[in-house]
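Chemist:
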Amino acid sequence: MTVRVLVVDDHPAFRRALTSALNMVDGFEVAGEAGGGVAACEGADRLEPDVILMDLSMPDLSGIDAMKVIHETKPDLPVVILTAHADPGVEREAREAGASGFLAKGIGLDDLVIVLHEAAEPVIRLLPEEEQV
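Each residue of the sequence shown is one higher than the one before, starting from 0 at the first, in numbering that gives the first Met the number 0.
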């Protein structure tokens with residue numbers, strides 16, 4: 000299965016670097032890029048990604064606010080936050096808003112890929128044998 004990622008960051012050079020790196024990883028494809036929260040909301044509808052990798056601090060709409068808008072119409076679309084503001088309070092706020100993951104910029108590509116892959120996989124919960132019909 001190819002994981003389609005929407006990359007959202009307001010810094011074009013960083014966004015392009017992430018896109019290039021993810022496109023070189025087997026099993027990943029960058030579905031598109033967005034330079035802000037508003038464009039992320041539009042891209043989530045138009046591009047149908049499996050997961051969104053989004054910065055928190057953007058000039059038009061924060062990553063948390065964009066995630067809330069996206070989850071109004073696509074509540075199951077995973078959003079992984081990648082930010083330079085990696086403090087526990089910000090992480091808690093992001094997770095309460097529905098983030099599937101929270102990563103500090105500077106994370107290695109291997110670890111980033113693991114988190115994105117885990118976020119994009121559907122969660123399967125099996126009932127214990129005695130509860131199965």
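All C-beta atoms, glycine included, are put in the ideal place defined by N, C-alpha and C. Since the model is a prediction, treat every value here as computed from it, not as a measurement.
Under three-state DSSP, which class holds E175?
Modeler: Residue coverage of the chain in this structure runs from 0 to 132, which leaves residue 175 outside it and unanswerable.
Chemist: Leaving out five residues before and five after H36 in sequence, what residues of the same chain have Cβ atoms less than 7 Å from its Cβ?
Modeler: Reading the sequence shown from its first residue, position 37 is the one you call residue 36. First, the residue type needs correcting, since residue 36 is Gly and not His in the sequence shown. The answer, listed in chain order, is M57, D59, L60, S61, G62, D64, A65.
Chemist: Given a threshold of 16 other Cβ atoms within 10 Å of its Cβ, counted over all protein chains shown, does I69 qualify as buried or as exposed?
Modeler: For this step, residue 69 is matched to residue 70 along the sequence shown. So I69 counts as buried.
Chemist: What are the uninterrupted segments assigned as alpha helix (DSSP H) that are 4 or more residues long and contained completely in the region 16-87, given in chain order?
Modeler: Segments of the alpha helix (DSSP H) lying fully in the region 16-87: 36-46, 62-72.
Chemist: Starting from A103, follow the beta strand (DSSP E) in both directions and report where the run begins and ends.
Modeler: Taking the sequence shown and counting its residues from 1, the one referred to as residue 103 is at position 104. Here the beta strand (DSSP E) through A103 covers 100-103.
Chemist: If you count every other CB in all the chains shown that lies within 10 Å of the CB of D49, and 16 or more means buried, which is it?
Modeler: Stepping through the sequence shown from its first residue, residue 49 is reached at position 50. D49 is buried by the Cβ-count criterion.
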